[in-house]
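Report on the following structure.
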Amino acid sequence: MYTTIEKKLKSAFAPEFLDVIDESHMHGGGTLHETHYKVVIATKKFEGMRLLQRHRAINEVLSEELRSTVHALALHTYTPDEWVKKSEIAPQSPNCRGGSKSDPLL
Numbered sequence: 010m011y012t013t014i015e016k017k018l019k020s021a022f023a024p025e026f027l028d029v030i031d032e033s034h035m036h037g038g039g040t041l042h043e044t045h046y047k048v049v050i051a052t053k054k055f056e057g058m059r060l061l062q063r064h065r066a067i068n069e070v071l072s073e074e075l076r077s078t079v080h081a082l083a084l085h086t087y088t089p090d091e092w093v094k095k096s097e098i099a100p101q102s103p104n105c106r107g108g109s110k111s112d113p114l115l
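Quick note, the sequence shown lines up with residues 10 to 115 if you use the working numbering.
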């Protein structure tokens with residue numbers, strides 16, 4: 010799944026920076042499940058786009074994976090200039106809260 014996501018994003022966005030991170034192990038499924046991913050991407054194609062437009066563009070490219078295998082996709086989307094201003098550091102992902110329906114905060 011990692012390779013598929015990376016290949017599709019490279020093809021669609023020609024990013025100057027791309028990091029696809031399998032975070033499935035943080036969500037109780039282990040790395041064999043390949044269901045939770047984090048994408049950090051910097052591309053000129055995001056120039057002039059709002060955050061929601063960027064996310065929709067990625068979701069469209071990965072629509073097949075999101076309908077089938079991928080359960081969660083954390084997106085950190087930047088233009089090259091924004092990425093440099095962030096010191097080329099993306100936010101850390103929070104710990105999984107388990108997704109229990111009995112948790113009143115979910």
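We put the CB at the ideal spot given by N, CA and C, even for glycine. Values in this document were obtained by computation on a predicted structure and should not be read as measured data.
{"Query": "Range of the contiguous alpha helix (DSSP H) that encloses residue 93", "Result": "89 to 94"}
{"Query": "N-terminal and C-terminal residue of the beta strand (DSSP E) that residue 27 is part of", "Result": "26 to 31"}
{"Query": "Cβ shell of residue 53 (< 8 angstroms), same chain only, five flanking positions each side left out", "Result": "23, 25, 88, 89"}
{"Query": "Alpha-carbon to alpha-carbon, residue 32 and residue 39", "Result": "Model confidence at residue 39 stands at a pLDDT of 47, short of 50, so the residue's coordinates are unreliable and nothing is read from them."}
{"Query": "Among 63, 19, 44, 101, the one whose alpha carbon lies nearest that of residue 77", "Result": "44"}
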